[in-house]
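Residue numbers (our numbering): 30 to 402.
Beta carbons are placed, not taken as given, at the ideal position from N, Cα and C, and that holds for glycine.
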């Protein structure tokens, strides 16, 4: 059965954006002139929500076995990097999400999952059967819109974002991400949160968004901080604004953290998972989040759309749009990182980018990437 809808408590500026039926034709105006062939954004997003829920169910099933004492087998894609961990939950969630979307929409739709290179997973998916996905969830909210040519659409799937967090028991940070890009732009996304309460006591939460239009939630209401980790709630020891990053100790990351606090005050706070960082920013738990490098478009496509749907903003470290999506996306653009800011922050996005660009280590990193001034 489908999860029961709930209202997500969000800033009023987000509710003002939730005008799907009236704003959607305007927001997707670039599509109006398209021929009436392809897919409807409402039906496509609806199936992505359903598929993401199935991915969360698979992650929870692995955790239930683990909780019962069966243990968790972990392999590393890179033997020297604990962040490259891979588990049965990654495989099972990707099979559920990508397999069901493939059966629903056919081979013409481009679907890219983080674990696509695994041949055993492809063989496994080929033997599976999938129930039809729900195409109707947004019929009343979005209605009929201009069809999108299927060749213009790419679905990006990160079946288990923050696998390391899953392995080490910080399961509240785990997410399942399904993003929709049209051409070179992220336009819609679904963030599945398998463990909203950091355990199995509640069902999954699904947050979805249509960039620059609106957002919604399905399932258990989110119970989150100003900053969700208890040790950081102390506003004296950890003053605001909060800037979220991972635990990387690279020269670039260390310099960025130090420069942000020196310029704007506040505190650096630790968030696991790219999707978790960006969602935390969208919800106003932190003023900004940043990473100098991340895995690929599957890490940011869904969170970018949800962030923008909630009024936030995201660019690469150097203030340029995220350029990772579509068939002609440049290679290695994930190394340009991202900066995400919330609409409610009193620290402006442009001010953060300007500060980073003035930081010598960031300037050196920019030259290393071959980016011309």
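For this session: Use the C-beta contact count for residue 61: other C-beta atoms within 10 angstroms, 16 or more gives buried, fewer gives exposed.
Result: Bear in mind that a pLDDT of 36 at residue 61, under 50, signals an unreliable position, so the number given afterwards is only what the model happens to contain. So residue 61 counts as exposed.
Exercise. When the Cα of residue 239 is compared with those of 81, 208, 175, which residue comes out closest?
Worked result: 208
For this session: Would you kindly work out how many angstroms separate the C-alpha atoms of residue 249 and residue 308, rounded to a whole number?
Result: 16 Å
Exercise. Helix, strand or coil: which one does DSSP assign to residue 260?
Worked result: Only weak support exists for where residue 260 lies, its pLDDT of 48 falling under 50; the value from the coordinates is given anyway. Helix.
For this session: Identify every run of the alpha helix (DSSP H) within the segment 249-333, keeping only runs that are complete inside it and at least 4 residues long; order them along the chain.
Result: 280-293, 303-311
Problem set entry | Rounded straight-line distance, which links the Cα of residue 341 to that of residue 153 | 39 Å
Problem set entry | Through-space distance from residue 394 to residue 401, alpha-carbon basis | 12 Å
Problem set entry | According to DSSP, residues forming a beta bridge with residue 429 | The displayed coordinates of the chain run from 30 to 402. Any statement about residue 429 would go beyond what the structure contains.
For this session: Answer yes or no: do residue 123 and residue 223 have a C-beta to C-beta separation smaller than 8 Å?
Result: no
For this session: Determine the burial state of residue 96: buried for a count of at least 16 other Cβ atoms within 10 Å of its Cβ, exposed for fewer.
Result: exposed
Problem set entry | the segment 130-146 in contact with the segment 314-331 per 3-pair CB rule at 8 Å | yes
Exercise. If you draw a straight line from the alpha carbon of residue 85 to that of residue 316, how long is it in whole angstroms?
Worked result: 28 Å
For this session: Excluding the 5 residues preceding and the 5 following residue 286 in the sequence, name in chain order all residues of the same chain whose CB lies nearer than 8 Å to its CB.
Result: 272, 274, 297
For this session: Please classify residue 306: is it buried, with 16 or more other beta-carbons within 10 angstroms of its beta-carbon, or exposed?
Result: buried
Exercise. Within this structure, are the beta carbons of residue 78 and residue 219 separated by less than 8 Å?
Worked result: yes
For this session: Note down, in chain order, each residue of its chain lying with its Cβ closer than 7 Å to the Cβ of residue 280, except the 5 sequence neighbours on either side.
Result: 390
For this session: Compute the beta-carbon to beta-carbon distance between residue 301 and residue 193, rounded to the nearest angstrom, for a pair I have assumed lies under 8 Å.
Result: 7 Å
For this session: Mind checking who residue 372 pairs with in its DSSP beta bridge?
Result: According to DSSP, residue 372 bridges with nothing at all.
For this session: Look up residue 143 in the DSSP assignment and give the residues it is bridged to.
Result: DSSP lists no partner for residue 143.
For this session: Name the two residues that bound the continuous beta strand (DSSP E) containing residue 236.
Result: 234-239
Problem set entry | Within 8 Å, strictly: CB atoms of residue 165 and residue 233 | no
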